[in-house]
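When you number the sequence shown by our numbering, it's gap-free, plus one each residue, and the end is 334.
Virtual Cβ for every residue (Gly too), placed ideally from N, Cα, C.
Here is the structure we will look at.
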Amino acid sequence: MARGLDLPDSLVTVLSELGYLWPDADEVRLMQLGQAWVSLQSKLDGVVTEAQRAAEQVWTHNKGDDVNAFKEAWGKAEDALDTLQKDATGVVVVGALILVCAVVVLMLKIWVITQLVLLVIAIAQAIATAPITFGASLLEIPVFKEIFGRIINLLISQALEVLLG
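This is the structure:
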């Protein structure tokens, strides 16, 4: 089974010590879950069709006040058929939202990796220029860490805003 974008545990631990949070969600599993929810619509549509057919059989082959009451109730809003149809629509909406979550998680992971690569480059440059600056460039490292930390936190906040509205 496919796994989502992941980092080795040791690197996740280092990130945590640096104050960064690696998203633990598995975007591949979220994608599969979202697709499973969406595929439920066809099954529920089949149930709706079968239920409608069975209900029609009741009032086609039977007569009486109870049958007429059943027929009338069957077609009303908020009753059986309407509920089944709304359920079929609802599972698609839930599936789509889970798929959006999967995309947001993947984007967040890519953003975190990108920011960390940029941080490593900035730190490497500070270390490389340390002999020339008599070590003064090393003072940039905490500043870089803070800047990139704020960027990552901003990205996480934006991702949560997308997910939560």
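Residues of its chain near residue i, where Cβ-Cβ distance is below 8 Å and the 5 sequence neighbours each way are ignored
i	result
residue 279	174
residue 283	none
residue 313	288, 291, 292 and 295
Sequence-distant residues of the same chain with beta carbon closer than 7 Å to residue i, five excluded per side
i	result
residue 257	210, 213, 214 and 217
residue 202	267
residue 206	260, 263, 264 and 267
Range covered by the alpha helix (DSSP H) that runs through residue i
i	result
residue 326	309-333
Three-state class that DSSP yields for residue i in the structure shown
i	result
residue 182	helix
residue 299	coil
residue 175	coil
residue 264	helix
residue 304	coil
Environment of residue i [buried if 16+ CB atoms lie within 10 Å]
i	result
residue 300	exposed
residue 290	exposed
residue 286	exposed
residue 281	buried
Residues near residue i in its chain [Cβ-Cβ closer than 6 Å; skip 5 each side]
i	result
residue 196	173, 271, 274 and 275
The ligand ATP heavy atom lying under 7 Å from the CB of residue i
i	result
residue 297	Judged by which ligands are present, the structure shown has none, so any question about the ligand ATP falls away.
Fully enclosed by the stretch 185-252, which alpha helix (DSSP H) runs are 4 residues long or longer? As far as the stretch 185-252 is concerned, its whole alpha helix (DSSP H) runs of at least 4 residues are 196-230 and 234-244.
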